[in-house]
Amino acid sequence: MKSRELENFESVRKMIGELSLLTRSENTKRTYLKGILKFIQYKQIQDLDSFVEEVRKSQNQNEIVKDFAVYLASKNLAPKSVAAWVSSLKKFFAANGLKVDVDIPLRIFNVHEDVLPSKSDLKTILSEVDLRMKVMITILASSGMRVGELYNLKLGDMDFSKEIPVVRIRGAGAKERKSRITFISSEAKKFLEEYLNQRKSLGEELNENSPVIAREDGKQMSYQNIQYLLERVFRKYSKKVGKRYTLHAHCLRKWFKTQLISAGVPAPIVDRLTGHSRYLAQEYELYTEDQLREWYSKGMHALTILE
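The numbering of the sequence shown is our numbering, which starts it at 338 and goes up by one.
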């Protein structure tokens, strides 16, 4: 059975329906479906809807989830994969009215804390990559946006009329489904302008609907391709310099937060720029664009890599 065939089951469609209320991320949906597929293979289930009814009668969902977690852990899988696929099963049961209340041993989910790159790391990386990758890294590092938000970004979402360009993150493409604004550094603006001029010189006709990051033919790159290219660059660098850990693309978002806070920008401002759930869930003051730009400009030196 393949992932796309899972949606033939009513029980899976219920889970997808609940997920759509929380996020529009196709990547999240694929992860959950993969987790359910792993579970089906583990239990050798033919009819998932019938299986749900059997569990409803026996009310043994807690034992099933725990057994699945232990099974995955025994396969020497990455802890994050175990966590994600167990969460998929718990969400699946919950969407079908089966409450799961079970504690999974924390050692199964033992993951290393993210390690942030230093400015020196990023400087070396920028010196070794092509122009498009320079744009991707400096935009992510100086805006605090997610990789998925960069993937959805169009030229019409950016305003270059001021020295510090403003970026409007559309709610439909954001993880929390809330629109917000952020900014990119003058350094990122410089690389982006060079990149856009390069695309125009190759015959691409740019307009407000053109993707900020594009393939060689000017069409939008897939989310998976952007993620892969970024991860490849960071893995290659980590291996080259002999680091005992691997840097990851999502660390650029955390680097952005850390750099601004260390530069004296208040945490609520940083939360506002990143669209952090703490800002979205609480009644923080609604700052104007000019106020946000003023605070950003005070911390922009900390986000500039090649200085």
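Glycine included, every Cβ here is placed at the ideal spot set by N, Cα and C. Just so you know, these numbers come straight off a predicted model, no measurement behind them.
Unbroken beta strand (DSSP E) run spanning residue i, endpoints
i, result
"Thr519", "517-520"
"Asn505", "According to the sequence as given, residue 505 is Arg; it is not Asn. Unbroken beta strand (DSSP E) run through Arg505: 503-506."
Three-way DSSP call (helix, strand, coil) for residue i in this model
i, result
"Lys537", "helix"
"Gln381", "coil"
"Gly510", "A caution first: Gly510 carries a pLDDT of 48, below 50, which makes its placement in the model unreliable, though a value can still be read off. Helix."
"Glu355", "helix"
"Gln557", "strand"
"Lys491", "strand"
"Pro454", "coil"
"Asp608", "helix"
"Ala600", "coil"
"Ala586", "coil"
"Asp496", "strand"
"Gln619", "Interpretation of Gln619 is limited by its pLDDT of 47, a score under 50 that renders its predicted location unreliable; the figure taken from the coordinates is listed afterwards. Gln619 falls in the coil class under three-state DSSP."
"Arg341", "helix"
Test item: CB-CB of residue i and residue j under 8 Å
i, j, result
"Gly493", "Asn534", "no"
"Leu435", "Phe405", "no"
"Leu584", "Ser575", "yes"
"Trp422", "Lys351", "no"
"Ile474", "Pro502", "no"
"Ile506", "Ser516", "yes"
"Leu529", "Arg536", "no"
"Tyr369", "Leu356", "yes"
"Ser601", "Lys635", "For clarity, residue 601 is Gly in the given sequence; the question names Ser instead. For Gly601 and Lys635, yes; Cβs fall inside 8 Å."
"Leu477", "Glu531", "no"
When the options are compared against residue i, the one with the closest alpha-carbon
i, options, result
"Phe593", "Met637, Lys577, Leu584", "Met637"
"Gln561", "Ile501, Gln381, Leu435, Val484", "Val484"
"Glu465", "Leu567, Val549, Asp496", "Leu567"
"Asn489", "Glu531, Lys403, Leu468, Gln564", "Gln564"
"Lys526", "Ile642, Val402, Phe388, Val392", "Ile642"
"Asp386", "Leu640, Val472, Ala432, Glu644", "Ala432"
"Ile373", "Ser418, Pro416, Lys412, Phe429", "Phe429"
"Lys460", "Asp496, Arg552, Phe571, Gly579", "Phe571"
"Arg569", "Ile462, Thr625, Ile518, Glu355", "Ile462"
"Met482", "Leu623, Lys417, Asp608, Glu644", "Asp608"
Bounding residues of the alpha helix (DSSP H) (the contiguous stretch that carries residue i)
i, result
"Phe429", "416-432"
"Met470", "468-480"
"Arg630", "626-640"
"Ser411", "398-411"
Test: residue i CB closer than 8 Å to a CB of chain D
i, result
"Val407", "The chain labelled as chain D is not found in the depicted structure, where only one protein chain is given."
Are the region 354-370 and the region 393-402 touching by the rule of at least three beta carbon pairs closer than 8 Å?
-> no
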